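Protein chains in written order, with this note's numbering: chain H, 39 to 324; chain X, 3 to 164; chain V, 84 to 845. No residue lacks a Cβ here, since even glycine has one placed at the ideal position from N, Cα and C. These figures come from a predicted structure and were not determined experimentally. Take a look at the structure set out below.
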Amino acid sequence: MRYEAPTTVEDAVKLLAAEQGMAKVLAGGTDLLVAIRSGRIEPDLVVDLKRIEEMTGIEPEDGGFRIGAAVPSAEMGAHANLVAMWPGVVESAGLIGSTQIQSRATVAGNLCNASPAADSVPALAAARAKASIVGPNGRRDVPVEDVPAGPGKTSLEKGEFVASILLPKQAARGGDAYLRFIPRTEMDIAVVGVGVNLTLDESASISEARVVLGAVGPRVIVAEEAAEALVGTSGDEAAMKAFSEAVSAACAPIDDKRGTREYRIEVAGVLAKRAVAIAMDRAKGR
Amino acid sequence: MSKHHVTTTINGDDVEFLCDPQETLLDVLRDRLGMTGSKEGCGTGDCGACTVNVDGKIVCACLMLGAEAEGRAISTIEGMAQGELLHPLQRKFLEHAALQCGICTPGILVAAKALLEENPDPSETEVRYWLAGNLCRCTGYDKIVRAVMDAAEEMRGRNYAA
Amino acid sequence: MPLETDFPQNFEAREFKVVGKRPVRPDGVDKVTGRAKFGADAVAPGMLHAKILRSPHAHAKIVSIDTSKAEALAGVKAVVTRDDFPVHEAVKEDQELMSVLTNVMAREKALYDGHAVAAVAATDPRIAAQALKLIEVEYEVLDHVIDEDLAMQPDAPILHEHLGHEYGGGKPSNVAGVTEIGHGDVEKGFAEAEVIVERSFKTGAAHQGYIEPHACLANIGSDGRGELWCCTQGQFMVRDTCTQLLGMDVSNLRVTPSEIGGGFGGKTTVFIEPVAVALSRKAGKPVKIVMSRDEVFRATGPTASASLWIKVGAKKDGTITAADAILKYQGGAFPGSPVDMGAMASFACYALENVRAVGYDVVTNRPKQAAYRAPGAPMAAFAVESVISELAGELGMDPIDFRLKNAAGDGTKSSFGPTYDEIGLIETLEAAKKTEHYNSPLGPNQGRGVASGFWFNFGGQTAVSLNLNVDGTVALSVGTPDIGGSRASMCAMAAEELGCDYDDVYCIVADTASLGFNDVTDGSRVTFASGLATIQAARQAKQRMIDRAAKIWGIPSDAVKWENGAAHPSGPNAGEHEPLSIKDIAAMAGETGGPIAGHHEIAAEGAGPSFATHIVDAEIDRDTGRIDIKRYTVVQDAGKAVHPAYVEGQFQGGAVQGIGWALNEEYIYNDKGLLENPGFLDYRVPVASDLPMIETVIVEKPNPGHPYGVRGVGETSIVPPMGAIANAVSAAAKVRATEIPMSPPRMLKLLRDSEATAKAAE
């Protein structure tokens with residue numbers, strides 16, 4: 039295995055494109071190093087992004103934010119403006135692992151690890167975040183939910199990597215939230231994750247909603263019918279019941295060591311209701 | 003397999019070492035530099051026994067490559083006491099019997115020190131969440147949490163420069 | 084010279100000066116500065132690194148092993164397989180040793196996922212890992228069985244053809260043994276009962292979860308002699324087992340225990356140590372093996388999982404008339420599950436006229452179980468204490484009152500045979516009832532549970548040596564590895580006896596060449612047995628100091644008394660002499676007869692059981708099934724708390740391990756019999772943010788079998804938690820939880836099923 043730490047995007051692209059064997063991108067390394075150490079993968083090249091300056095910052099852009107691929111979750115939590123605009127996204131990133139992991143783990147890495155249970159992906163997708171992908175053929179922006187192609191697989195081409203995540207401007211009366219279920223209070227992988235982003239009109243009815251589910255399918259699920267069940271309502275009990283049922287109906291989970299299929303389906307509905315309540319409070323608070 | 007030549011700072015001292023690309027910082031500390039105070043409990047970032055501080059942030063040394071240490075400032079358990087003078091956290095851990103076997107202790111101390119640098123007056127809940135990535139199987143955490151809070155109180159009182 | 088037996092072992096009331104205080108432990112500074120050397124911290128010049136190839140199958144015949152390509156790899160210095168572990172004389176007649184040998188390196192069959200099949204020593208760990216991939220093993224995969232109930236079915240896959248013929252009706256079965264305890268007439272007792280509760284339970288297999296993986300460093304010379312450094316609960320056990328397995332003279336292996344990063348029973352046997360010795364012998368170089376966490380979970384001993392049936396009957400006044408239990412414990416691929424101790428412990432808290440417990444020791448395709456803190460008792464107590472609390476509810480009695488009504492006390496004939504001497508169960512129940520916790524209100528969706536627990540405690544073979552240094556300080560050597568601060572307690576007891584300062588005693592854990600045989604650190608025996616031997620060694624040294632003072636003064640020894648750490652003339656004919664302190668006598672030792680020391684060797688008896696009662700408040704989220712522990716109190720009898728902070732630590736640690744076992748910890752297998760969660764990510768031990776403070780109440784009812792009244796405290800604390808939590812959760816959920824771990828999916832299903840049942844009944 040070779041380790042390279044280029045200082046420009048161009049050099050990183052060149053290194054990755056030129057590698058004949060397995061090449062891996064290292065941002066926080068909290069998934070990659072586990073995979074390497076366990077022998078699950080044996081990369082020939084590891085390209086560390088942390089020495090590339092444009093990948094290490096959070097910058098305002100078009101009223102939203104561009105988050106460099108090497109920005110650790112802890113820095114997102116320390117960015118007051120980002121927290122104010124996208125508290126759900128920041129919380130989702132803040133749930134990944136321990137304090138130690140938070141110093142290293144990145145949302146770009148979380149995305150590219152392509153785990154169906156990735157915490158930040160439902161929240162980012164609910165926020166309509168885009169991944170800025172660079173590669174031998176230049177840059178392209180894609181919705182984050184299109185990056186994972188299935189468990190452990192991404193839609194990235196050879197030599198491509200995610201350089202940054204672009205969060206749009208939150209709506210005037212918008213609010214987001216992310217909740218996950220884990221058996222303990224920390225250190226677990228999500229059994230179910232729900233990201234919600236919604237906008238209220240002047241009468242505090244939901245005018246727009248986006249609901250994205252994690253760990254209930256091979257990729258995150260954008261639950262459009264569930265979101266529609268919210269639109270035009272004030273989040274009243276009847277609407278929430280219909281919404282919760284629509285969320286459960288959208289789930290396509292499996293039984294595994296972390297939870298049963300039935301469990302995930304039911305709890306997704308429960309968490310979705312709770313997440314909507316938080317997002318509505320946030321939207322009202324703006 | 004060519005080795006990386008890395009120049010870094012550990013506990014305030016300039017250190018140079020050679021390492022294989024896939025060696026972790028923990029491998030380097032323990033096997034190349036003889037600094038065995040950082041422990042390996044899992045190798046997957048789940049137990050926190052290898053916690054070290056890199057540029058002011060705690061990380062699991064098992065999840066960082068040695069090669070990544072180039073130019074960083076690293077501190078480990080070996081640098082926590084000043085000569086014979088124990089850090090208040092170290093002293094409080096002894097006074098409170100906050101360790102039984104002691105294998106998790108170095109990682110917890112390094113993590114707790116970073117907490118008190120960031121938050122000199124943490125609540126019990128804040129201590130518990132900050133240390134959630136440091137497993138202790140002996141104590142049930144009770145005395146650890148008490149020792150951290152007691153050390154914080156003492157350090158606030160003394161205005162101790164952590 | 085007086086004999087050791089001249090010093091009384093029995094309890095005598097006294098005022099303590101050092102014992103009962105909370106001094107800093109002698110190894111403390113090393114442990115907070117990173118200096119302490121644990122198993123993996125050892126190095127030797129020219130050291131090789133070894134790795135172990137493990138079976139990827141739950142059950143498979145090993146047709147062939149070809150190591151030639153691995154041996155040819157540059158840097159590989161030795162490879163061992165089953166051929167390097169012949170069955171020596173000592174092993175042939177000993178079923179347990181044969182099991183250990185077969186567990187250390189698979190023979191005809193791989194019996195579980197992770198079973199060792201070969202090992203490689205190389206100049207670099209990465210070369211060793213590469214070499215493992217070059218070993219070609221041909222397996223013939225066999226049907227496997229994981230669950231204890233399924234393993235007892237007549238058509239279950241059979242692990243061992245030589246086993247279980249009695250249960251199998253002349254044919255082999257997976258039931259390695261059946262044990263039965265009890266007295267009275269259970270059928271008659273149930274006939275007299277007015278209320279009966281009968282239920283079945285299941286418990287998952289929990290791992291001890293010590294944070295330090297097993298590690299060792301062997302260095303065997305070409306003369307066949309050598310050394311082994313390892314993290315273990317018993318260096319003498321390691322020495323004896325390794326030498327027997329490998330056909331060596333016991334005196335040819337010196338074992339030094341490192342600091343130990345947790346054990347909880349899991350380091351009372353060997354896994355990698357004989358492999359390292361065999362590789363070192365073959366390579367002629369030092370060999371180090373450090374297990375990965377994955378290997379720890381797959382190939383070291385968790386405890387047994389269990390299937391239990393309990394039936395208890397009582398009269399309306401609360402008197403239990405009969406108690407019956409059937410326990411089925413699977414202990415992995417070899418005989419020896421702790422079901423015998425489970426059966427004995429099941430009803431040990433109660434004074435019963437009619438009682439019976441039958442236990443089945445079942446083998447399955449899982450790793451060989453190892454002791455885990457009060458081995459066998461927590462599962463039985465979970466089931467029994469659940470039924471006891473349910474029965475109290477049926478009778479409309481307070482659960483503590485119901486337990487008090489039936490509690491075993493001084494002189495009770497125990498369910499497993501012996502009659503109790505002085506025990507403290509009733510005292511713990513009374514103290515629990517008085518706690519503020521027990522009398523505090525509960526919030527919504529919360530329930531409160533109580534449970535009691537018992538552990539036998541153990542004495543065992545013990546040797547201690549105490550040497551007086553020239554400056555009057557004391558060097559104390561014990562043979563029991565310190566897993567939780569026991570050296571502090573040893574120093575305190577030696578100082579108490581000698582009348583010196585705590586800081587003047589320094590205690591070390593000695594290697595096997597430096598001290599007589601000691602049983603492993605287990606059975607909650609160390610503070611009791613090594614403490615007892617320390618006290619006796621100190622008394623012997625004290626007597627020798629008295630003799631020296633008498634010699635210096637020219638008076639008979641019986642005219643000298645020992646007070647406050649000094650010899651004083653005593654009695655009418657002693658004359659006037661300035662007292663001689665320990666330091667004075669030590670300084671003159673060379674001129675008065677040479678070194679002054681005390682030692683004591685004993686097979687300690689009279690350990691005295693410890694009882695506990697736990698109180699827990701749990702809250703359930705009825706929408707997700709998640710349980711939150713809101714408040715927890717441990718009340719336990721310590722006899723005499725030598726170092727109360729470490730006693731509290733044992734109470735808290737045991738309670739939290741019990742919380743983990745009750746809520747989330749379990750071995751999860753897939754349909755191929757492979758372990759799905761061999762890591763701390765999905766084997767979910769409690770983390771700091773999961774827990775409240777663990778309140779403690781130390782009850783001190785002196786153990787008549789120890790000079791200071793000490794009882795072991797380490798194990799009892801894990802016995803009540805699962806029952807107490809199940810009772811709290813059942814109260815909160817309003818339905819009885821009978822399976823642990825009470826993980827969220829299991830709890831939500833229980834809630835939904837009970838709602839459906841209630842609806843159907845409407």
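Cβ-based burial, residue i [other Cβ within 10 Å; buried from 16]
{"i": "residue 84 (chain V)", "result": "Residue confidence is low: residue 84 (chain V) scores 40 on pLDDT, short of 50, so the model does not pin down where it sits. Its coordinate-derived value is still stated next. Under this definition residue 84 (chain V) is an exposed residue."}
{"i": "residue 44 (chain V)", "result": "Summary: the structure shown does not reach residue 44 (chain V), with chain V confined to residues 84 through 845, and so no result is reported for it."}
{"i": "residue 48 (chain H)", "result": "exposed"}
{"i": "residue 523 (chain V)", "result": "exposed"}
{"i": "residue 656 (chain V)", "result": "exposed"}
{"i": "residue 248 (chain V)", "result": "exposed"}
{"i": "residue 129 (chain H)", "result": "buried"}
{"i": "residue 252 (chain V)", "result": "exposed"}
{"i": "residue 93 (chain V)", "result": "exposed"}
{"i": "residue 163 (chain X)", "result": "Because the pLDDT at residue 163 (chain X) is just 49, under 50, the model does not fix this residue reliably, and the value given afterwards should be weighed accordingly. Flag for residue 163 (chain X) reads exposed."}
{"i": "residue 449 (chain V)", "result": "buried"}
Selected residue, minimal CA-CA separation from residue i, among the options
{"i": "residue 664 (chain V)", "options": "V:554, V:179, V:712", "result": "V:554"}
{"i": "residue 607 (chain V)", "options": "V:178, V:190, V:228, V:794", "result": "V:794"}
{"i": "residue 98 (chain V)", "options": "V:537, V:635, V:657, V:582", "result": "V:582"}
{"i": "residue 168 (chain V)", "options": "V:199, V:540, V:160, V:652", "result": "V:199"}
{"i": "residue 298 (chain V)", "options": "V:237, V:322, V:266, V:375", "result": "V:375"}
{"i": "residue 109 (chain H)", "options": "H:125, H:136, H:308, H:64", "result": "H:64"}
{"i": "residue 577 (chain V)", "options": "V:203, V:791, V:288", "result": "V:791"}
{"i": "residue 89 (chain H)", "options": "X:71, X:61, X:106", "result": "X:71"}
{"i": "residue 819 (chain V)", "options": "V:476, V:638, V:414", "result": "V:476"}
7 Å Cβ cutoff, residue i in contact with chain X
{"i": "residue 142 (chain H)", "result": "yes"}
{"i": "residue 299 (chain H)", "result": "no"}
{"i": "residue 41 (chain H)", "result": "yes"}
{"i": "residue 772 (chain V)", "result": "yes"}
{"i": "residue 145 (chain H)", "result": "no"}
{"i": "residue 138 (chain H)", "result": "yes"}
{"i": "residue 502 (chain V)", "result": "no"}
Residue-chain proximity (residue i, chain V), Cβ-Cβ < 7 Å
{"i": "residue 275 (chain H)", "result": "no"}
{"i": "residue 68 (chain H)", "result": "no"}
{"i": "residue 92 (chain X)", "result": "yes"}
Supposed close pair residue i, residue j - CB separation, criterion 8 Å
{"i": "residue 579 (chain V)", "j": "residue 102 (chain V)", "result": "5 Å"}
{"i": "residue 173 (chain H)", "j": "residue 198 (chain H)", "result": "3 Å"}
Interface flag, residue i vs chain H, CB-CB below 7 Å
{"i": "residue 17 (chain X)", "result": "no"}
{"i": "residue 102 (chain X)", "result": "no"}
{"i": "residue 828 (chain V)", "result": "yes"}
{"i": "residue 47 (chain X)", "result": "yes"}
{"i": "residue 759 (chain V)", "result": "yes"}
{"i": "residue 86 (chain V)", "result": "Caution applies to residue 86 (chain V), whose pLDDT of 45 falls short of 50 and renders its modelled position unreliable; the model cannot decide the point."}
Any non-hydrogen atom of the ligand PLP within 6 Å of residue i CB
{"i": "residue 74 (chain H)", "result": "The model on display carries no ligand, and the ligand PLP is accordingly not part of it."}
*Within the chosen definition, does the region 433 to 452 of chain V reach the region 497 to 507 of chain V through at least 3 CB pairs nearer than 8 Å?*
yes
*For the region 243 to 262 of chain H and the region 5 to 22 of chain X, state whether three or more C-beta atom pairs, one from each stretch, are separated by less than 8 Å.*
no
_If contact is defined by three or more beta carbon pairs under 8 Å, each pair taking one atom from either stretch, is the region 718 to 730 of chain V in contact with the region 836 to 843 of chain V?_
no
_Three Cβ pairs or more, each shorter than 8 Å: is that satisfied between the region 79 to 98 of chain X and the region 142 to 159 of chain X?_
yes
*Are the region 673 to 687 of chain V and the region 527 to 537 of chain V in contact at 8 Å, needing three or more beta carbon pairs?*
No contact exists between the region 673 to 687 of chain V and the region 527 to 537 of chain V.
*Do the region 312 to 331 of chain V and the region 375 to 388 of chain V meet, that is, are 3 or more Cβ pairs less than 8 Å apart?*
no
*Take every Cβ of the region 402 to 415 of chain V, pair it with every Cβ of the region 349 to 362 of chain V, and state whether three or more of those distances are shorter than 8 Å.*
no
*the region 762 to 774 of chain V in contact with the region 128 to 142 of chain X per 3-pair CB rule at 8 Å*: yes
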